[in-house]
Amino acid sequence: MSVKESNTGNNLTPLMKQYHQVKAKHPDAILLFRVGDFYETFGEDAIKTAKALGIILTSRN
């Protein structure tokens, strides 16, 4: 999970572009993306998910 992501369009990965597109359409939903064998969530969704599930919030550098 990643708490902070770049918001500049040129630096976004295809996954993050998709996240922002879907989040714009469904701002109240918590989005989870399957990446390999895992599910990832980002930004405020990651914070809310970690609190709700009692899991450790991680980030990418």
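Numbering (our numbering), first residue to last: 7 to 67. Every residue gets a Cβ at the ideal spot worked out from N, C-alpha and C, and that includes glycine.
Cβ pair residue i, residue j closer than 8 Å
i: L37; j: T47; result: yes
i: E44; j: Y25; result: Position check: residue 44 holds Phe in this sequence, whereas Glu was assumed. Result no, Cβ atoms of F44 and Y25 do not sit closer than 8 Å.
Local Cβ density within 10 Å of residue i, reported as buried at 16 or more and exposed below that
i: T19; result: exposed
i: K10; result: The predicted model places K10 with a pLDDT of 44, which falls under 50 and marks its position as unreliable; any figure quoted below should be read in that light. Classification for K10: exposed.
i: T55; result: buried
i: A35; result: exposed
i: A30; result: exposed
Beta-ladder partner(s) of residue i, from DSSP
i: R4; result: One cannot answer for residue 4 here, as it falls past the ends of the chain, which runs 7 to 67.
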